[in-house]
Amino acid sequence: MAEGTCLSGQNPVALADAPVCNLGFICHNTNRENPPKFCPPTKSCQAVRLQPSENICQELQGSFEPVACTPGYYCPPQSQEQIRCPPGSYCPLGSYHPKRCAALSICAEGSSREISVIGFVILGVLYLLCAILGLGTKAWKQKKGLHAPNTFPSARTSWDQGHIEYAGGPAGNFPALDAAYEQGSIVREIPHFGTMSGDRQQGERGLDFQLRDVCFSKKGVPRPVLQGVTCQIPKGHMFGIMGPSGAGKLEFMAMMQIFGGKLGCILAFGRRYGLLMTNRYRHCISFVPQDDIVFPNLTVWENILHTATIRLGGTYTTHDIMIHVDNIITYLGLDHIRDQQVGSPENRGISGGERKRVSLAREIVAMPSTIILDEPTSGLDATTALSVMGLLKDLSGLGITVICAIHQPRRDVFDLLDDLMLLVSGRPIYVGPQTSMLDYFQSIGFTLPKKDNPADTVMDLIKTRQVGCDIPWFEEKQALAGGLPSAEGRFTEHCPAVAASVMAAPVFTPPDDRAAWLSQVLTYIRCGAKQQKNQLFGILLEIVTASCCGVLIGLSIYESKGHIFQGYFREPFQLLSSAVDYKSVPTAGLLSSLAIKMVFGQEVHSGHSASAYFIGKDLCTLPRILISTLHFTAFLKVLAATVIPVHILFCINAAYFFCIYGLASLVASLAPRQDALLLAMLTSLTAGVLDGSGPRLDQVKHWKMGWLWYICPGTWYSEAWFSEHVMPFSYLYDTDAAAHFTGYITGRTGFDIGLMIVIGVVYRILAYLSLSLPRMRGPATGMKGAQ
Numbered sequence: 001m002a003e004g005t006c007l008s009g010q011n012p013v014a015l016a017d018a019p020v021c022n023l024g025f026i027c028h029n030t031n032r033e034n035p036p037k038f039c040p041p042t043k044s045c046q047a048v049r050l051q052p053s054e055n056i057c058q059e060l061q062g063s064f065e066p067v068a069c070t071p072g073y074y075c076p077p078q079s080q081e082q083i084r085c086p087p088g089s090y091c092p093l094g095s096y097h098p099k100r101c102a103a104l105s106i107c108a109e110g111s112s113r114e115i116s117v118i119g120f121v122i123l124g125v126l127y128l129l130c131a132i133l134g135l136g137t138k139a140w141k142q143k144k145g146l147h148a149p150n151t152f153p154s155a156r157t158s159w160d161q162g163h164i165e166y167a168g169g170p171a172g173n174f175p176a177l178d179a180a181y182e183q184g185s186i187v188r189e190i191p192h193f194g195t196m197s198g199d200r201q202q203g204e205r206g207l208d209f210q211l212r213d214v215c216f217s218k219k220g221v222p223r224p225v226l227q228g229v230t231c232q233i234p235k236g237h238m239f240g241i242m243g244p245s246g247a248g249k250l251e252f253m254a255m256m257q258i259f260g261g262k263l264g265c266i267l268a269f270g271r272r273y274g275l276l277m278t279n280r281y282r283h284c285i286s287f288v289p290q291d292d293i294v295f296p297n298l299t300v301w302e303n304i305l306h307t308a309t310i311r312l313g314g315t316y317t318t319h320d321i322m323i324h325v326d327n328i329i330t331y332l333g334l335d336h337i338r339d340q341q342v343g344s345p346e347n348r349g350i351s352g353g354e355r356k357r358v359s360l361a362r363e364i365v366a367m368p369s370t371i372i373l374d375e376p377t378s379g380l381d382a383t384t385a386l387s388v389m390g391l392l393k394d395l396s397g398l399g400i401t402v403i404c405a406i407h408q409p410r411r412d413v414f415d416l417l418d419d420l421m422l423l424v425s426g427r428p429i430y431v432g433p434q435t436s437m438l439d440y441f442q443s444i445g446f447t448l449p450k451k452d453n454p455a456d457t458v459m460d461l462i463k464t465r466q467v468g469c470d471i472p473w474f475e476e477k478q479a480l481a482g483g484l485p486s487a488e489g490r491f492t493e494h495c496p497a498v499a500a501s502v503m504a505a506p507v508f509t510p511p512d513d514r515a516a517w518l519s520q521v522l523t524y525i526r527c528g529a530k531q532q533k534n535q536l537f538g539i540l541l542e543i544v545t546a547s548c549c550g551v552l553i554g555l556s557i558y559e560s561k562g563h564i565f566q567g568y569f570r571e572p573f574q575l576l577s578s579a580v581d582y583k584s585v586p587t588a589g590l591l592s593s594l595a596i597k598m599v600f601g602q603e604v605h606s607g608h609s610a611s612a613y614f615i616g617k618d619l620c621t622l623p624r625i626l627i628s629t630l631h632f633t634a635f636l637k638v639l640a641a642t643v644i645p646v647h648i649l650f651c652i653n654a655a656y657f658f659c660i661y662g663l664a665s666l667v668a669s670l671a672p673r674q675d676a677l678l679l680a681m682l683t684s685l686t687a688g689v690l691d692g693s694g695p696r697l698d699q700v701k702h703w704k705m706g707w708l709w710y711i712c713p714g715t716w717y718s719e720a721w722f723s724e725h726v727m728p729f730s731y732l733y734d735t736d737a738a739a740h741f742t743g744y745i746t747g748r749t750g751f752d753i754g755l756m757i758v759i760g761v762v763y764r765i766l767a768y769l770s771l772s773l774p775r776m777r778g779p780a781t782g783m784k785g786a787q
């Protein structure tokens, strides 16, 4: 090739009037007389330059044409020779100095990319520490003889012998359980429970409820769901609510839990109060839903201890609480499964009756003044149902007010009730002692068939046309007979004319044993850690998924050998540019981003701090986020060989993982349980797709829809990826042109990471509000009570 000619045989084009040589280029033979020139490429060189990757034509096209420094070499400024990259450094395309490899990286002589294994080293150290900690803890427990979660001797129960023996305490002799149920009532003194409840003056400080002519309405329902409810529920009584489906039993319990307006009065701790919001009383009123709400991945003992720690930790020591939990477990006959995981419907653990007892234990362990239960015998066999109701009867004997909705109980269960309310179409047709129910209906003119079970008799009566289809006629018949036996006289004696004077009574707050807010947060963190410890398969699956995603995405860009971004060369060497590749970087970010309510309600309803629950549960997921991120980053960094430093890459990935976990939490709080998993996945995919790579962010700004992309974490994730790949080559490429084309702003990776964290926090706040606000409003949107 003659001097001043091109390999293609065409005439060269001067790139500059002076002998300039951009950083990262080697300029052969150029001087003042022969400035750098562009030669039209040969067909073979042009074909290489038009390729989407590996498109640098290394064949010299002319004597005075500059050439970008070859990968694996670096070209010092104004140099006319390439120097091989030394060991411990790497030299990508267009290097003017060797880039030093980070610690624990593989960089042989002539390396064009850095292979960082620091992620695998950190993982190895973490796994080694976990193994040492696990083995050390196991050895320590064996040395101390601690084979069970509880450090106290277990109580042993012998129901057949008719007595209960408590370790570390006196034996208490009681009638056999069956005999107790036949008697209809029994009061057992639980060791330590008696002492603790005595400290709270439980027997004298229970709750009396008195309602008069209460009306309860719900939004969207044309008529009140409850009307004319007048009743008295004395402390220490077992009060049943019966009626056909849709009679208003659930609404009555909802009303008792939320209170609102002038519904009646409450006799609490020797004083009389109007029924306002239950914030003042929530910690001493427990609710047991029909569906047993427990932590499936915790043992029976851990489930009960968790609740006890939250609700008693403000007054009692850990030692006292643990002994108290042991005695509650013994009292409820759960000794034989105390160290067994509760399980879930998908992963069978304990039986249905045992789950019901655990659910009950989680509430009574806090020694509440009142327990409200929704269908406590639902789904249980006759023997188990009788056992559960017998336990409730025992609790009422300890001064606890028990209110339970029960559909159609057996005779032995029915006999355990003290008082009863029958509801039909939201109106009470009987309120009074269960022993007087049949006599009352006969006294107002009904002919009742002879049946062994009064509950069956009255339910058959309700289902006939005599009552169910003619409420006004029935009420007229009641009026002629003297009205409901609802103790109206007793009501007016104790709570006369529930007027403004009652509502304005001095505010009195009952004793609160709940742990402090920070202690509740720590308790929830420990609870979450135990759950994750017992759910190792799920964690391993999450780790494997993150690792596989890192491998697949790394392999998808492996051929680029770390050269993911390619733009126009800076002036005056634009004509030397190969095909630009602005989309590989944000697309790689897109691939990376796509790879990544019941218990709450029950905990809050029991008086736990909603914010403590949510913060504690969220904090305990951070280790999982970081571990998954580390696995993902380790494989991605090795295979993709990105130019992003490993610590920055980890921070970018971790911030996005944090967002996706928060988004999943938000979806789970809004969607039905059976649809939450699918919706969370689809929402995460959508959030990742809206990243600005296609359609370009610059284009959606013209559509006036940029706000939608900016509220999605994928946009900020891709911008951080783009910036970290583009900025190191700002000396070589026209990065401003690339940023203008894509719509991303470079040089603000810290801002991108911070904004992703903010978005993740916002997702969690919205999830918290979506769970909390409905419970703050309550199930009814309007309530009124007639005086």
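Each residue of the sequence shown is one higher than the one before, starting from 1 at the first, in UniProt numbering.
Note that CB positions come from ideal geometry on N, CA and C, so glycine has one too.
Collapsed DSSP secondary structure at residue i in the structure displayed
i	result
LYS450	coil
residue 839	Since the first residue of the chain shown is 1 and the last is 787, residue 839 is not available in this structure.
residue 788	There is no way to answer for residue 788, as the model of the chain reaches only from 1 to 787.
residue 798	No statement about residue 798 is possible, as the shown extent of the chain runs from 1 to 787 and does not include it.
PRO12	coil
GLY550	helix
SER693	strand
ILE757	helix
THR735	helix
ARG84	strand
LEU7	coil
CYS130	helix
ARG32	coil
residue 823	Because the chain here runs from 1 to 787, residue 823 falls outside it and cannot be looked at.
LEU619	helix
CYS215	strand
GLN210	strand
TYR768	helix
Nearest-angstrom beta carbon gap, residue j and residue i [assumed within contact, 8 Å]
i	j	result
PRO289	SER344	16 Å between Cβ atoms; not a contact.
ARG570	TYR733	7 Å
ILE625	ALA654	7 Å
ILE564	HIS725	6 Å
GLU59	CYS69	Going by Cβ atoms, the distance from GLU59 to CYS69 rounds to 15 Å, so no, they are not a contact pair.
GLU354	ILE337	6 Å
HIS237	THR401	6 Å
Sequence-distant residues of the same chain with beta carbon closer than 7 Å to residue i, five excluded per side
i	result
LYS530	LEU298 and GLU302
ALA641	ARG113, GLU114, ILE115, LYS561 and GLY562
PHE635	SER547, GLY550, VAL551 and GLY554
THR545	none
PRO586	Residue placement at PRO586 cannot be trusted, given a pLDDT of 47 that sits under 50; what the coordinates show is reported in the next sentence. Cβ within range, chain order: ASP691, GLY692, SER693, SER718, TRP721, PHE722 and THR742.
Proximal residues to residue i (C-beta, below 8 Å), its chain only, five neighbours per side dropped
i	result
GLN434	GLY240, PHE414, ASP415, LEU417, ASP418, ASP419, LEU420 and PRO454
ARG100	GLY88 and SER89
GLU109	ARG84, CYS85, PRO86 and PRO87
Beta carbon of residue i nearer than 9 Å to that of residue j
i	j	result
GLY760	PHE658	yes
PHE216	THR370	no
ALA308	VAL358	no
CYS651	GLN532	no
PRO77	CYS130	no
GLN61	ILE26	no
PHE573	PRO66	yes
MET242	ILE444	no
ARG427	GLY248	yes
LEU104	VAL121	yes
Chain-order list of residues whose beta-carbon lies under 6 Å from that of residue i (same chain, five-residue window excluded)
i	result
THR384	GLY353
THR523	THR309 and ILE310
LEU755	TRP716
SER519	GLY313
> Which full runs of the alpha helix (DSSP H) of 4+ residues lie inside the segment 412-461, going along the chain?
Replying inline: 437-443
> Which residue spans inside the segment 285-360 form an unbroken beta strand (DSSP E) run of at least 3?
Replying inline: 285-288
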